[in-house]
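Trainee:
Number of protein chains: 2
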Amino acid sequence: MITKEFGQRIKILRNGLGISQEKFALSIDMDRTYYASVESGKRNISIKNIEKIANGLGITLEELFKGL
Amino acid sequence: MITKEFGQRIKILRNGLGISQEKFALSIDMDRTYYASVESGKRNISIKNIEKIANGLGITLEELFKGL
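So, in structure tokens, the structure goes:
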């Protein structure tokens, strides 16, 4: 399921930056429980929030969706 | 704005296939007025619907977001 794959992808990328879920969510001005549920694949996240995450990770949307 | 950029992107790709909005929306089981508003950049589309569109275009999400 795409929501699961996306959650796994952003978790790997965030861990690669060595930042906690809480710090990352804070840095992109996103509720931390909402962000955690996105990583868990439980949210049908919107394109605006996907963009927010890409910006927080410092990558393009193309890079974010690499392999997906 | 990402919704505008995404709309322009899918419009170009759909036109490349030579299919009308109506036919394309029908092929992916999406309401045609909803699909038209996505192409116009008026919708904060969700990842599940983004995936539906990628599948309809016959490309990966990575390809769909190329350059975005």
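Taken in order, these protein sequences are the chains called E and F.
Counting in this note's numbering, the first sequence runs from 3 upward without gaps.
Counting in this note's numbering, the second sequence runs from 3 upward without gaps.
Ideal placement from N, C-alpha and C gives every residue a C-beta, glycine not left out.
Would you say E/Phe8 and E/Leu70 are within 8 Å of each other, going by their C-beta atoms?
Mentor: For E/Phe8 and E/Leu70, yes; Cβs fall inside 8 Å.
Trainee: Compare the beta carbon distance of F/Thr5 and E/Ile30 with 8 Å and say whether it is the shorter of the two.
Mentor: Not a contact, by the Cβ cut-off of 8 Å.
Trainee: For F/Phe26 and F/Arg16, I'd like the C-alpha separation in whole angstroms.
Mentor: Each residue's Cα considered, the two are about 8 Å apart.
Trainee: Going by C-alpha to C-alpha distance, which of E/Leu66, E/Tyr36, E/Arg11 and E/Lys54 sits closest to F/Met3?
Mentor: Per the Cα distances, E/Lys54.
Trainee: Sorted by chain position, which residues of the same chain lie with C-beta nearer than 7 Å to F/Ser42's C-beta, five sequence neighbours on each side aside?
Mentor: Closer than 7 Å at the Cβ level, and outside the excluded window around F/Ser42, lie Gly9.
Trainee: Taking only the alpha-carbon atoms, compute the straight-line gap between F/Val40 and F/Ile47 and give it to the nearest angstrom.
Mentor: One C-alpha to the other measures close to 7 Å.
Trainee: Which of the three DSSP states, helix, strand or coil, is assigned to F/Ser48?
Mentor: Here F/Ser48 sits in strand by DSSP.
Trainee: Assuming F/Glu24 contacts F/Arg11 (C-beta within less than 8 Å), just tell me the rounded distance between them.
Mentor: No, F/Glu24 and F/Arg11 are not in contact; Cβ-Cβ is about 19 Å, not under 8 Å.
Trainee: Need the endpoints of the alpha helix (DSSP H) that E/Lys68 sits in, please.
Mentor: Looking at the DSSP string, E/Lys68 is not in any alpha helix (DSSP H), and its letter there is neither H nor E.
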